[in-house]
Amino acid sequence: MTTTSPPVVVSDVPPVDSSRPTRRRRRSWIGWGFVGPFMAVFALVFLAPIAYSIYLSLFRTQMVGGTQFVGFDNYARAFSDPQFWSGVTRVGLFLLVQVPIMLGIALLIALAIDSGRLYGKNFFRISIFLPYAVPAVVATLMWGFMYGTRFGLVGNINDALGTSIPNPLSPDWVLLAIGNIVTWEFVGYNMLIFYSALRVIPTSLYEAAELDGASQWQVVRAIKIPAIRGSLVIATIFSIIGSFQLFNEPSILQSLAPNAITTYFTPNLYAYSLSFSGQQYNYSATVAIIMGVLTMIVAYVVQLRGMRKEA
Amino acid sequence: MSIRTTRTLRAVAATGVVALGLAACSGGGDSGSDSGSGGSADDVAAALEEGGSLTVWAWEPTLEQVVADFEAEHPDVDVELVNAGTGNDQYTALQNAIAAGRGVPDVAQVEYYALPQFALSESVADLSAFGADELDGTFTPGPWSSVQQGEGVYGLPMDSGPMALFYNEEVFAQHGVEVPTTWDGFVEAARALHAADPNVYITNDTGDAGFTTSLIWQAGGQPFQVDGTDVTVDLGDEGSTQFAETWQTLIDEDLLAPVSSWSDEWYQGLGNGTIATLAIGAWMPANLESGVPDGAGTWRVAPLPQWEEGASASAENGGSALSVPAASENQALAYAFLEYANAGDGVQTRVDGGAFPATTAELESDEFQSYESEYFGGQQINEVLAESAANVVEGWEYLPFQVYANSIFNDTVGQAYVSGTPLTQGLQDWQDASVAYGQEQGFTVNE
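Respectively, the protein sequence lines represent chains W and D. Going from the first sequence to my numbering is simple: count from 1 and add 2. Going from the second sequence to my numbering is simple: count from 1 and add 35.
Next up, the structure:
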């Protein structure tokens with residue numbers, strides 16, 4: 003649902019030649035011929051599913067009574083649905099806490115590797131990026147085993163050191179546990195975005211700074227961070243979308259901690275449960291659309307703010 | 036029953052994924068199909084004579100041999116066995132096919148707890164006319180009542196899961212604790228075992244809808260009553276309360292291992308003696324043998340502990356039937372296959388393949404009962420399990436939207452396991468959520 007809309011290429015249609023009407027007609031068809039295949043695929047894979055979801059969200063299907071048109075009833079219901087909003091609040095909290103931590107760590111690592119003072123930087127770069135290559139499902143399963151307080155890593159640490167680390171999969175800690183998994187997975191990815199942005203900064207700037215006697219810290223603050231602001235904004239928007247779409251990790255941990263992760267733990271999980279266990283396809287589509295719009299608004303606001311600072 | 040089946044049972048209980056919403060759309064039009072529901076036992080014989088082809092959707096592995104034998108016996112009949120997914124996946128595919136009116140199989144495997152949903156929407160055919168109503172007594176009471184809805188018979192039981200207490204004898208012997216015969220005794224034993232070794236728990240439980248409903252069933256509770264589209268949900272009835280009180284003690288005193296069934300920790304716990312018992316369906320032995328090789332020789336089977344001293348009540352936990360979708364154009368022939376597979380020669384074939392049958396003849400046969408299981412230290416486990424099958428309490432019903440209800444079990448009842456919410460409150464919340472859903476779906480609930 004939250005796919006950021008790709009640029010529409012209408013502007014690529016060649017300007018209409020005003021010389022002769024007969025030619026104009028043929029030309030405009032040629033233009034469509036070029037754009038057509040793209041437009042067809044675009045309509046089929048982007049617009050059609052969204053339109054279908056909106057269509058679905060205007061109906062209600064009951065096991066007894068069949069399908070009927072209900073207008074915006076599903077939307078009204080969603081806005082007063084405490085389960086939906088508890089999910090939204092949860093991913094909102096996740097966004098506010100996990101994203102800054104993850105991006106902060108990624109930025110630190112990128113700066114450290116870029117500084118050239120790190121021994122074996124290629125090794126660090128690849129090993130920190132490696133978790134991103136592990137499928138989220140596998141990563142979550144792996145962490146799930148480690149989180150076990152009886153036979154898992156947490157249990158082993160508690161046994162060996164006599165500590166009493168609380169169960170990461172208890173209701174109070176599970177969001178933190180998920181945040182840890184997501185951070186582990188995506189630090190490398192964001193680091194790579196930052197690092198590649200840092201690499202394109204002209205080295206002449208550093209030389210000039212050195213001549214002026216700037217310290218490393220000043221170089222970072224005055225040259226590096228401003229230069230990669232665009233990447234920071236992009237990474238932030240990706241992370242916002244990722245947070246709002248949180249699904250894989252809670253969905254898989256649910257089988258290990260069924261009571262801590264409810265069926266409405268995140269909005270995506272809620273839409274999934276509604277659709278597949280509750281057969282409420284219509285309401286599920288509604289939830290998905292509201293979440294899509296919500297994500298777009300938040301991402302747009304961040305983008306606006308990011309751009310303004312850049313200007 | 037196979038490992039895959041039972042794992043799926045668990046998976047279904049956990050995620051409860053099935054698509055039935057489309058069922059309502061398909062109503063009406065389908066009933067007019069050619070050899071439709073007006074069939075008779077004569078039609079079945081005629082259909083066999085005539086031959087034809089059947090598509091069977093099932094994931095039960097022992098059916099493969101049954102299909103081969105059936106085809107050998109009736110050369111004119113061609114049966115295609117398709118694994119269209121396990122449990123929920125298959126139900127989704129089935130509902131889609133029914134809604135689309137195309138590609139509907141002639142026979143489909145449906146678990147007992149999901150069957151009411153299909154029966155209610157008339158997605159599966161009433162088999163009484165073909166002679167299914169005369170099979171009373173062929174099957175054990177639990178599965179037989181599970182395939183009946185009102186006057187109709189909507190499937191033939193394929194396997195069953197009468198409950199028993201699987202226990203680790205070594206653990207009980209080591210700590211000098213008696214194997215409990217009542218649930219009060221179960222609580223006592225739980226305390227004794229946990230006191231003797233803090234790592235040992237009598238059983239694991241993190242809130243499991245299938246398990247909870249089965250124990251309420253055994254206690255004589257009838258929280259779900261269904262009469263057409265009139266549904267009553269009462270999770271505060273006597274049986275439910277009795278379960279809640281006993282289980283509340285176990286939760287309060289931290290006597291249940293907080294390990295989810297079918298998890299890695301669970302298998303480890305079953306193998307190393309930290310989970311001492313399992314009250315579970317009769318399909319468990321095959322799973323223990325394959326999943327807990329370390330436990331070989333230490334596990335035994337005892338009758339399910341009783342709510343009342345000296346009683347012998349039992350309940351079902353899992354199992355599935357074969358049904359004929361109403362949209363099938365070969366209903367008579369499909370029924371012929373059902374009868375062969377689930378009430379005829381096919382049963383023995385499946386028992387030989389490791390399935391736990393639902394038919395009294397096989398359950399009572401000497402060969403079946405005298406089988407000595409090596410894994411269980413030579414115990415004749417089927418004797419205990421068959422007895423349980425005969426003692427299943429009658430009158431239990433599942434909701435026509437049990438799949439959904441089970442999926443929200445941990446949102447409601449499960450909270451009692453991790454917070455201060457009392458179990459009775461959790462059951463009440465479950466009831467409220469189920470009632471709300473039922474009303475939303477157009478049922479008349481609790482009125």
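Using N, Cα and C, we set each Cβ at its ideal position, and we do this for glycine too. Predicted model, so just to flag it, every value in this text is computed and none were measured.
Residues of its chain near residue i, where Cβ-Cβ distance is below 6 Å and the 5 sequence neighbours each way are ignored
i               : result
I292 of chain W : A80
P215 of chain D : F221, A224, P340
G308 of chain W : V235
D65 of chain D  : Legend: pLDDT at D65 of chain D = 35, less than 50; position of this residue unreliable, no value from coordinates given.
R127 of chain W : I115
Y147 of chain D : S181, G354
G56 of chain D  : With a pLDDT of 34 at G56 of chain D, under the threshold of 50, the modelled position of that residue is not reliable, and no figure is offered here.
L207 of chain W : I225
D329 of chain D : G306
G308 of chain D : N203, V206
Y285 of chain W : N76, L276
Cut-off 8 Å between Cβ atoms - residues of its own chain near residue i, not counting five sequence neighbours on either side
i               : result
Q463 of chain D : L270, G271
G87 of chain D  : D111, V112, D113, N365, L368
V222 of chain W : L113
Reference residue i; option with closest CA among the options
i               : options                        : result
V188 of chain D : D:S349, D:R137, D:E213, D:A361 : D:A361
W87 of chain W  : W:Y302, W:L306, W:N284, W:A273 : W:A273
T281 of chain D : D:A80, D:D111, D:G138, D:P457  : D:P457
A421 of chain D : D:A348, D:T479, D:L116         : D:A348
W431 of chain D : D:G120, D:P176, D:I286         : D:P176
Y266 of chain W : W:A259, W:L276, W:Y57          : W:L276
E84 of chain D  : D:V448, D:P110, D:T90          : D:P110
R137 of chain D : D:T90, D:A331, D:N203, D:W94   : D:T90
P260 of chain W : D:G255, D:G455, D:E397, D:F444 : D:F444
D75 of chain W  : W:Q85, W:Q218, W:L58           : W:L58
L116 of chain D : D:T97, D:A93, D:A107           : D:A93
T238 of chain W : W:V189, W:S117, W:F153         : W:V189
V470 of chain D : D:F259, D:A132, D:E186         : D:F259
G68 of chain W  : D:V480, D:E475, D:E482         : D:E475
T297 of chain W : W:R152, W:S245, W:A162         : W:S245
Q125 of chain D : D:E108, D:D104, D:A149         : D:A149
Under 8 Å by beta carbon: chain D residues contacting residue i
i               : result
Q70 of chain W  : By Cβ distance, chain D contributes nothing, its closest Cβ being about 10 Å from Q70 of chain W, past 8 Å.
F147 of chain W : D299
Chain W contact residues for residue i, given Cβ-Cβ distances below 9 Å
i               : result
V188 of chain D : Those do not exist, as V188 of chain D stays about 21 Å from chain W at its closest Cβ, beyond 9 Å.
Which residues DSSP lists as bridging residue i, in chain order
i               : result
F61 of chain W  : W:F71
Q257 of chain D : Per DSSP, none; premise fails for Q257 of chain D.
D262 of chain D : D:D265
A135 of chain W : According to DSSP, which records beta bridges pairwise, A135 of chain W is partnered with nothing at all.
E146 of chain D : D:S355
Neighbouring residues, chain W, relative to residue i (Cβ below 8 Å)
i               : result
V438 of chain D : S279
D446 of chain D : T264, T265, Y266
Q383 of chain D : Neighbours of Q383 of chain D on chain W: none; closest Cβ ~36 Å, over 8 Å.
G242 of chain D : P260, N261
Y472 of chain D : G280
S485 of chain D : It is not possible to answer for residue 485 of chain D, since the shown part of chain D is limited to 36 through 482.
Close Cβ partners of residue i (< 7 Å) along its chain, the five nearest in sequence each way excluded
i               : result
I416 of chain D : P320, V336, S408
W34 of chain W  : none
A262 of chain W : L171, S172, P173, V176
N250 of chain W : A138, V139, T142
S249 of chain D : M198, A350, E351, N352
Q277 of chain D : A254, W342
V427 of chain D : T175, P176, G177, P197, S349, A350, E351
G211 of chain D : none
Neighbour list for residue i in chain W, Cβ cutoff strictly below 7 Å
i               : result
Q450 of chain D : N261
S469 of chain D : Chain W residues near S469 of chain D: none, gap ~11 Å exceeds 7 Å.
G326 of chain D : None at all; the shortest Cβ gap to chain W is about 15 Å.
T264 of chain D : V66
Chain D residues whose Cβ lies nearer than 7 Å to that of residue i
i               : result
R119 of chain W : In chain order: nothing, as chain D lies at least about 43 Å away.
L258 of chain W : S295, S298
R152 of chain W : V294, E300
S275 of chain W : S442
Contact test: residue i Cβ vs the ligand SAH heavy atom, cutoff 7 Å
i              : result
V91 of chain D : With respect to the ligand SAH, the structure shown offers nothing to examine, as it has no ligands at all.
Inset, instruction - Residues of the stretch 291–305 of chain D with a CB closer than 9 Å to any CB of chain W: list them in chain order, please. - result: A292, P293, V294, S295, W297, S298, D299, E300, Q303, G304
Inset, instruction - Compile a chain-ordered list of the residues in the stretch 165–190 of chain W whose CB is closer than 7 Å to at least one CB of chain D. - result: S172, P173
Inset, instruction - Pull out every residue of the stretch 157–179 of chain D whose Cβ sits closer than 7 Å to any Cβ of chain W, in chain order. - result: Against chain W - using a Cβ distance shorter than 7 Å - the stretch 157–179 of chain D contributes no residues.
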